[in-house]
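Going by the numbering used here, the sequence shown wraps up at 725, each residue one higher than the last.
All residues carry an ideal CB built from backbone N, CA and C; glycine is no exception.
None of the values given here were measured: they were computed from a predicted structure.
The structure appears right after this line, and notes come after that.
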Amino acid sequence: MPSNGSHSPDIRAVVFDWRGTLVTELSPTRWMQEALRRVGRPQDDAAALALLQRIQAADGHPSRLRSPQGNTSAARHEETYRAVFADAGLDTELSDELFAVDSDPTYNHFAADAAATLTALAEYGCKIGILSNIHFDIRPCFAEAQLFDLIDTFVLSSERGIQKPDPAIFRATLDELGTHATETLMVGDRPSRDGMAVEVGMPTLLVPSLTDPQRCQLHVVVNAIGASRTTVASRRMPP
């Protein structure tokens, strides 16, 4: 568990990234294929790769789609994506579907052990926060999965005007939770973004990016703070 070496072993709160950590995230290729399917065009690997290469060429270096400001507002996110699609020479119909897929949470499935893990942490007495670089409100996703009441705070970049890896958004999350950095565990899948929590003194646990909702890996969070593994094993979310 990477950290700055100064944290207390007593964890009072856990902060989770959303996409790639608690829920699955589409790969770039799957994003292309799904948009192509929605407009009724060939969606084989070659077609998806060709489309992805057009977008990547238009995206430039440094990447506009991965801009450190790209998710600081819903309007900025859409403006950036639309500009890249236009520079790639994409028609309006395909551009609309690419943006729609990127903004549709039904493509992001909760990990099979997400509900059990969040429940175990809550029963252990931990506060739980969600910290996400996202351009839309993800609270309804938690409500639909009957997980909303387990979450103490949602800190979403598009609502805050800042995003990971800016230390300010980690500090804002700590303020919302009312906990110190050294007693708040950050859990995410991207070292370049979630890993920056160590800069504000938060112990940090990085997991592989989630692509298969049936892959259970969140037990490592429960193990890290000493909560009951039996509780997690007995309460896995059904597929």
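If you check the CB distance, THR558 and SER643 come in under 7 Å. Counting C-beta atoms within 10 angstroms of its own C-beta, GLU583 has 16 or more neighbours from the protein chains shown and is therefore classed as buried. Here the alpha carbons of LEU663 and GLU579 stand approximately 42 Å from one another. For ARG540, the three-state secondary structure derived from DSSP is helix.
Going by beta carbons, VAL500 and LEU671 fall inside the 7 Å limit. A straight-line Cα-Cα distance of about 11 Å links ASP661 and GLY615. Following the DSSP letters along the chain, one finds LEU512 in no beta strand (DSSP E), marked with neither H nor E. Per DSSP, the unbroken alpha helix (DSSP H) holding ALA569 starts and ends at 560-573. CA-to-CA, the gap between GLY647 and GLY506 works out to about 22 Å. In the DSSP annotation of this structure, the continuous segment of the alpha helix (DSSP H) that includes VAL706 starts and ends at 705-711.
PHE622 is positioned such that its CB atom lies no closer than 7 Å to that of PHE628. Between the beta-carbon of THR668 and that of GLY687 there is about 6 Å, and that keeps the pair under the 8 Å contact cut. A distance below 8 Å between beta-carbons, with the five flanking residues on each side excluded, links ALA658 to the following residues of its chain, in chain order: VAL641, ARG646 and ILE648. Under the DSSP assignment, LEU642 falls in the beta strand (DSSP E) whose first and last residues are 639-642. Inter-segment contact for the stretch 591-600 and the stretch 693-709 is present: three or more beta-carbon pairs are separated by less than 8 Å. Bounds of the alpha helix (DSSP H) holding ILE655 are 653-663. The criterion of a C-beta distance shorter than 7 Å is not satisfied by ILE655 and TRP504.
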